[in-house]
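**Q**
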Amino acid sequence: MGASFCSPVDERCTCSLQSTIHAFRFPLWAVKVSDFLEMLGPPRPHHRLQEEGLLHEWFPGMFVIFTSHQWLSSTHPDPQGQQMEVLQKALRGMIDGSLQVHEDLVARSDRMNLSNTIRQHIAEGFLFFDWFAIPQITVRKDGVNEESVKSAAALAVQSIPAYVELSNVFIALVPELTHKDSSALVNYASWLSRGWCRAELWCRLLSNKIDTTVIVIHSPTQAEFMFPLDWQHNSIVNGNFTVESDRAIVVQLGETAVESKIQHLQVHGPLRDCRFYCALRPKLLCQERADRTLQKFLEDFRFGSLEQAVKDTSGMNAVMCAILSGDTGMLRLLAESRADVSRPMHGLNDLGYYDTQTPLMAATKSHQDPAVLTTLVELRADPNGRASNTKLSSLYMCRSAGHVRALLEQRAELEHAALHGAAALAGPDTLRELLSRQCDPNHILAGRQERFGPLHAVALFSLSNRHAVEAAKLLLEHRADVNSRSSPSDEFLWECRKARMRVVVLGFANCNMMTRLRASMSGISPLGYAALVGHGQLTQLFLDYGADPTPNDRGDTPEDLARRNHHYHLIPMLATFAT
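Adding 7 to a residue's 1-based position in the sequence shown gives its number in our numbering.
(1) In chain order, what residues of the same chain have a beta carbon less than 8 Å from the beta carbon of G553, not counting five sequence neighbours either side?
(2) Excluding five sequence neighbours on each side, which residues of the same chain lie with their C-beta closer than 6 Å to the C-beta of D555?
(3) Using 8 Å as the Cβ pair cut-off and three pairs as the minimum, do the stretch 207-215 and the stretch 263-280 touch?
(4) According to DSSP, which residues form a beta bridge with Q127?
(5) Report the rounded CA-to-CA distance for I451 versus L442, giving the unit in angstroms.
(6) Which residues mark the beginning and the end of the alpha helix (DSSP H) in which F177 is found?
(7) Roughly how many whole angstroms lie between the Cα atoms of E295 and N245?
(8) Check whether the stretch 531-542 touches the stretch 460-469, taking contact to mean three or more Cβ pairs, one atom from each stretch, closer than 8 Å.
(9) Compute the distance between the beta-carbons of F33 and A206, then report whether it is under 8 Å.
(10) Taking the C-alpha atoms as reference points, what is the distance between R99 and R523?
(11) Are the Cβ atoms of T382 and T335 separated by less than 8 Å?
(12) At what residues does the beta strand (DSSP E) containing A230 begin and finish?
(13) Under three-state DSSP, which class holds N572?
(14) Give the single residue among V265, P182 and G514 whose Cα lies nearest to the Cα of P168.
(15) Provide the residue(s) that pair with K505 in DSSP beta bridges, ordered along the chain.
(16) Determine the direct distance from the alpha carbon of R309 to that of C281, and round the result to whole angstroms.
(17) Is H109 closer than 8 Å to M520 when the C-beta atoms are compared?
(18) Apply the 10 Å Cβ neighbour rule to M508 and answer buried if 16 or more other Cβ atoms are within range, or exposed otherwise.
(19) For my contact list, M602 and F304 are in at a C-beta cut-off of 8 Å; report their separation, rounded to the angstrom.
(20) For a quick check, are the C-beta atoms of C405 and L426 less than 8 Å apart?
(21) Assuming contact is defined by CB atoms lying nearer than 8 Å, are S267 and L331 in contact in what I supplied?
(22) Using alpha carbons as the reference points, say which of C503, T82, F73 and S81 lies closest to L94.
(23) CB-CB under 7 Å to G150, same chain, minus the five flanking residues each way: which ones, in chain order?
(24) Near R458, what residues of its chain come up, given a Cβ to Cβ distance below 7 Å and the 5 sequence neighbours on each side ignored?
(25) For the alpha helix (DSSP H) that I269 lies in, which residues bound it at each end?
(26) In three-state DSSP terms, what is F468?
(27) Per DSSP, which residues does F135 bridge with? Please list them.
(28) For a quick check, are the C-beta atoms of M91 and P50 less than 8 Å apart?
(29) Quick check: V71 and F133, are their CB atoms within less than 8 Å of each other?
(30) Could you say which of W138, L340 and T397 lies nearest to A316 if we only look at CA atoms?
(31) W36 by DSSP, collapsed to three states: which one?
(32) What number of angstroms, rounded off, separates the C-alpha of D389 from the C-alpha of F177?
(33) Should D376 and G333 be called a contact, given that it needs their Cβ atoms to be closer than 8 Å?
(34) Using a 10 Å radius around the Cβ and a threshold of 16 neighbouring Cβ atoms, would you call P84 buried or exposed?
(35) Going by the CB atoms, is the gap between G530 and N559 shorter than 8 Å?
(36) Does the Cβ of Q143 have 16 or more other Cβ atoms within 10 Å, making it buried, or fewer, making it exposed?
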C-alpha cells in the first residue's frame with residue numbers, strides 16, 4: 008500500500024482513467040484545490056458553489072482528492088469550519104513540502120513521503136468533499152423542488168463508492184474535535200467506527216488501482232499513511248450507522264468490493280494478494296468460516312498439488328494461507344507433509360505483517376481463534392519465538408484474552424513486556440488477563456531501546472485504538488505510574504539525539520513526525536505522549552490521576568508538545584499549569 012506515492016515509476020498510474028466496479032448514478036462534482044484554499048469560514052453547500060461557478064464535473068484525467076470525514080453536527084458537516092481549516096493548512100503543507108506524510112507509528116519508519124510530482128498534482132487537482140459535491144435537502148436553492156433535490160442527493164450518495172474509485176488520492180480527515188449536538192469527541196477512532204466511513208475506506212483499499220494509499224490527517228502538521236491492520240479489523244458489518252436501514256445497503260457495497268477485488272486478482276494478480284484476500288474473506292465480511300477440503304484449498308490458493316504447496320516459500324505460502332483462513336485441519340495436513348510452520352514471514356510488510364515475524368504472530372495479529380495458536384504450537388511452532396528485527400514475542404502480539412491463555416497453556420514464557428503490546432494494540436480484556444497473571448504495569452520494556460512503560464504505549468498508539476482510554480484507566484487502577492519517564496538507551500538514544508539536533512537546525516515545524524517523535528522521546532511522560540499525538544480524553548485522564556507537566560529532556564512541556572503539533576484543543580486543560 009502506498010508505494011506509488013513515493014515512486015516516480017508508478018506515478019503515471021495515479022492519473023489514468025480507472026473503470027469502476029460500483030454504479031455511477033450522479034455526476035462527480037469537485038472544487039479546484041486552488042479555489043478551496045481561498046475559501047473562508049464554514050464550507051458552503053453544493054448549490055451555492057454551483058451558483059458561484061466553483062464546481063467542476065469529473066472528466067477523464069481529472070486528478071481527484073477524495074476527502075472522507077465525520078460530520079460535526081446533524082445538519083452541517085463543519086458548522087465552524089474547523090475541519091476545513093485543518094484540511095486547508097494540511098494541503099498547503101503537502102503542496103509546499105512542509106508537511107511530510109510519514110508511515111504509521113507502528114512501522115516506526117520515515118522512508119515514505121509524498122513525491123514532488125504528487126505534490127504538484129495535488130496543487131493542480133480537484134477536491135471532493137461531500138457538502139460541496141452532493142445536493143442538500145436542508146439548504147436547497149429557493150424555488151427548487153424538494154423531491155428533485157432528494158432524488159439527486161440519493162443518487163449522489165449511492166455513487167460515493169464510484170467516486171472513491173475515480174479518485175487519485177484518499178484523505179481521512181480526522182482531527183480531534185467535538186460534535187456540536189452530542190458533545191462527543193470526533194477523531195480517528197470514531198471515524199473508523201462509522202459504517203459509511205468504513206465503506207468509503209474499503210472501496211479505496213479494495214479498488215483495482217495500482218495505488219490504494221490512504222492518508223490520515225490528524226492535524227495541520229501530522230499526517231500519516233494508514234496502518235494496514237486499521238482497516239482489516241474494522242468490518243462494515245459491525246460499523247455504526249446513524250440511519251440503521253443503511254446498514255444492509257452499505258454491507259452489500261463491501262461484499263461487492265471484496266468479491267470484485269478477488270476476481271480481479273485471480274485474473275491479473277499478483278498471486279500474493281489474491282491468496283491474502285481469499286484467506287481473509289470470511290473475516291472481512293464477518294461470515295462463518297468453513298474448513299476447506301484439500302482440493303478446494305489447492306484450487307482457491309492456486310497450488311498445483313500438495314507437494315507444490317508444501318514447497319512454496321513465497322510470502323503467502325500454504326501455511327500462511329491456512330493460518331489467515333483459520334483452518335487448523337489444513338495446518339495439520341501441511342505439517343504432516345513436512346511444511347515448515349515456523350518459517351518467518353517476508354514480503355508482506357505493506358499488508359501489516361512484517362518481515363521476520365513468525366506465523367504464530369500472524370495468527371494473533373489476524374485475530375484468529377485461539378485454537379489456531381494451539382494447533383501451531385502442537386505442530387512445533389515455538390511459543391517463545393521472536394521476530395529477529397524487534398525481539399518481540401507472540402505473547403506481545405496477542406489480541407485477545409483467549410490468545411494469552413492459549414499461549415501460556417502451551418508453555419509460553421509469561422513476560423511483563425506483553426503488557427506493552429496489549430496496551431498499544433489490543434483491548435482491555437487482553438490487558439486484564441495479563442494483569443491477572445501479575446504482569447507489572449510499571450515494567451520498562453528493557454529489551455527495546457525505547458525503554459518506556461505500558462502507559463507510554465497506550466498514549467503513543469492511542470489515535471487508532473478505540474480502547475485506549477479504557478486500557479489506560481485499567482493500568483492506572485493497577486497502580487501504573489502516571490509520571491514515569493521514557494529513557495532511550497544504546498543506539499536508539501543516539502537516534503534521539505540526532506533527531507534533537509535536526510529539530511534545532513530545521514525547527515520543530517519543519518521536521519517530519521518521526522523526527523519530532525524521536526526528538527521528544529527522552530524523558531517524556533505518558534501525558535507528554537498524549538499531548539504530542541493530540542488525544543484529549545487520555546490527556547484529561549492522566550491529569551485526573553495526578554500527572555505532572557514535567558518537561559522531557561529537551562525541555563518541552565506537554566503544553567509545548569500540543570501547541571507545536573497544532574493540537575490547540577488541549578491547550579486549555581494543559582495551560583492550567585502555567586505560572
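Glycine residues also receive a C-beta, built at the ideal position from the N, C-alpha and C atoms.
**A** According to the structure data:
(1) The residues are V489 and N490.
(2) Close CB contacts of D555 within its chain, under the 6 Å cut and outside five residues either way in sequence, are with N490 (chain order).
(3) Segments in contact, yes.
(4) Bridge partners of Q127: none, in fact.
(5) Distance between the alpha carbons of I451 and L442: 15 Å.
(6) For F177, no alpha helix (DSSP H) encloses it; the enclosing beta strand (DSSP E) starts and ends at V176 to L180.
(7) Approximately 14 Å between the Cα atoms of the pair.
(8) In the pairwise beta carbon analysis, the stretch 531-542 is classified as touching the stretch 460-469: at least three pairs are separated by under 8 Å.
(9) No, Cβ-Cβ distance for F33 and A206 is not below 8 Å.
(10) Distance from the CA of R99 to the CA of R523, rounded to the nearest whole angstrom, comes to 20 Å.
(11) A contact, by the Cβ cut-off of 8 Å.
(12) Residues Q229 to F232.
(13) Three-state result, N572: coil.
(14) With distances taken between Cα atoms, P168 lies closest to V265.
(15) In the DSSP output, where bridge partners are listed per residue, K505 has none listed.
(16) When rounded, the separation of the alpha-carbon atoms in C281 and R309 is 9 Å.
(17) Taking 8 Å as the cut-off, the Cβ atoms of M520 and H109 count as close.
(18) Looking at its Cβ environment, which holds fewer than 16 other Cβ atoms inside 10 Å, M508 is exposed.
(19) Outside the shown range of the chain, which is 8 to 586, sits residue 602, and nothing can be said about it.
(20) In this structure, the beta-carbon distance from C405 to L426 does not fall below 8 Å.
(21) In this structure, L331 does not lie closer than 8 Å to S267 by Cβ.
(22) Among C503, T82, F73 and S81, the Cα nearest to that of L94 belongs to F73.
(23) Only weak support exists for where G150 lies, its pLDDT of 44 falling under 50; the coordinates are left without a value.
(24) Closer than 7 Å at the Cβ level, and outside the excluded window around R458, lie I451, L452, S493, S494, P495 and S496.
(25) Looking at the DSSP string, the run of the alpha helix (DSSP H) that includes I269 is D253 to H275.
(26) Reduced to three states, the DSSP call for F468 is coil.
(27) Residue pairing by DSSP places F135 opposite F73 in a beta bridge.
(28) Yes; because the gap between Cβ atoms is below 8 Å, this pair is in contact.
(29) Yes. Within cutoff.
(30) The shortest Cα separation from A316 among W138, L340 and T397 belongs to L340.
(31) When DSSP states are grouped into helix, strand and coil, W36 belongs to the strand group.
(32) When only Cα atoms are considered, D389 and F177 end up about 40 Å apart.
(33) Taking 8 Å as the Cβ cut-off, D376 and G333 qualify as a contacting pair.
(34) Result: buried.
(35) Taking a C-beta distance under 8 Å as the contact criterion, N559 and G530 qualify as a contact pair.
(36) By the beta-carbon neighbour count (other beta carbons within 10 angstroms, threshold 16), Q143 is buried.
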